[in-house]
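**Q** The numbering of the sequence shown is the working numbering, which starts it at 840 and goes up by one.
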Amino acid sequence: DQGRIKLMSSLGKGGRAAIFFIMMMRDIHFFELAEQQFKSMSRAIVMIPLAVLFLCNLSGTVVSWSSPKHSTKKRLKAILNLNKIMEM
840 DQGRIKLMSS LGKGGRAAIF FIMMMRDIHF FELAEQQFKS MSRAIVMIPL
890 AVLFLCNLSG TVVSWSSPKH STKKRLKAIL NLNKIMEM
């Protein structure tokens, strides 16, 4: 737990933005895989959460460049937790 806290606090704005940019690229990869794997309604069920996650990571990239307020870091941690949930 302490290592995760240190990671977010030790990174600068560019480092946090890079993490969320990598997460965006990963979402695009998952989106393309889901597009190939699933057909019709099941494809929509899988792709909608991936699109939401992509938008969250995009907002995380933009917010990373804003001023480092405590609420901003909480939002970024929430987006990272959303990425963890999608991994399961």
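Even glycine gets a Cβ: it sits at the ideal position worked out from N, Cα and C. All figures in this text were calculated on a predicted structure; none of them were measured in a lab.
In angstroms with no decimal places, state the Cα-to-Cα distance between LEU894 and SER849.
**A** Going from the Cα of LEU894 to the Cα of SER849 covers about 25 Å.
**Q** Is LYS878 helix, strand or coil when you go by DSSP?
**A** Reduced to three states, the DSSP call for LYS878 is coil.
**Q** Identify which residue in ASN896, HIS868 and LEU872 has its Cα closest to the Cα of ASN920.
**A** Comparing Cα positions, the closest option is ASN896.
**Q** Kindly indicate which residue of VAL902, HIS909, SER910 and ILE924 has the alpha-carbon position closest to the one of ARG855.
**A** Cα-wise, what sits closest to ARG855 is VAL902.
**Q** Given that a residue counts as buried once 16 or more other Cβ atoms are within 10 Å of its Cβ, and exposed if not, what is GLY899?
**A** Looking at its Cβ environment, which holds 16 or more other Cβ atoms inside 10 Å, GLY899 is buried.
**Q** Where HIS814 and ILE918 are concerned, what is the direct C-alpha to C-alpha distance, given to the nearest angstrom?
**A** Since the first residue of the chain shown is 840 and the last is 927, residue 814 is not available in this structure.
**Q** Within its chain, find whatever has a CB closer than 6 Å to the CB of PHE870; leave out the 5 residues flanking it on each side and keep chain order.
**A** Same-chain partners within the cutoff: LEU889.
**Q** For the alpha helix (DSSP H) holding LYS908, just list the boundary residues, first then last.
**A** Per DSSP, LYS908 belongs to no alpha helix (DSSP H) and is neither H nor E.
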